[in-house]
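Be aware that the sequence shown starts at 48, since it is given in my numbering, and climbs by one per residue. Backbone N, C-alpha and C define an ideal beta-carbon position, used for all residues, glycine too.
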Amino acid sequence: ECGMWFSNIRVNGKTKQGRYTTTPELSAYLYNEMAIGYFGENFAFLNEVTLTEEMKKEYLQIKEMDRLGLTRNNTSGFRGVSLKKGTGKWGASFVYKGKQQSLGHYDTREEAALAYNQKASEVLGDEAILNKVEVVFWH
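The following block contains the structure:
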């Protein structure tokens with residue numbers, strides 16, 4: 048086995064990027080989804096694919112990451128949040144019009160996610176995709 052497989056598709060001379068997967072079957076399945084999305088149900092070059100239960104779990108994880116706008120190598124589970132090696136703190140950042148703005152370092156990834164949410168709401172308003180964060184209040 049290779050380890051990682053990648054699916055992409057060419058549309059109007061441009062390559063549309065897919066996702067990394069752990070199996071060629073799941074990669075082919077994601078290719079099929081892209082092909083149907085760009086060319087319709089009658090696209091002639093679909094792969095015949097049967098997914099195992101493990102592949103279905105990975106597929107659902109990929110779709111959830113897509114829904115949240117997370118990259119495949121995201122380790123925090125939140126948009127705009129990453130662990131700062133060396134300090135052990137969680138950094139929050141926001142990218143807008145190609146410029147990244149640091150929003151500070153926090154003790155928990157949830158605090159960093161809330162900082163991202165605040166900035167995204169300020170800049171993008173109702174168009175912002177926000178992190179879903181469980182907030183626990185202690186008395």
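Under the three-state reduction of DSSP, residue 58 is assigned to strand. Around the beta-carbon of residue 92, fewer than 16 other beta-carbon atoms lie within 10 Å, marking it exposed. The straight-line gap separating the alpha-carbon atoms of residue 96 and residue 104 is approximately 15 angstroms.
Collapsing the DSSP output to three states places residue 139 in a strand.
Every alpha helix (DSSP H) of 4 residues or more that sits fully in the stretch 147-174 is shown, in chain order, as 156-171. With a 10 Å radius around the Cβ and a threshold of 16 neighbouring Cβ atoms, residue 128 comes out buried. About 6 angstroms separates the CB atoms of residue 56 and residue 82; that is less than 8 angstroms, so the two are in contact.
Non-local beta-carbon contacts of residue 149 in its own chain, meaning distances under 8 angstroms to residues more than five positions away in sequence, involve 138, 139, 140 in chain order. When the alpha-carbon of residue 178 is set against those of 109, 145, 157, 71, the nearest one is in 157. If you compare the alpha carbons of 88, 69, 176, 134 with that of residue 142, the shortest gap goes to 176. The distance from the Cβ of residue 77 to that of residue 65 is about 5 angstroms, consistent with a contact at the 8 angstroms cut-off. Just so you know, the alpha carbons of residue 168 and residue 85 end up roughly 31 angstroms apart.
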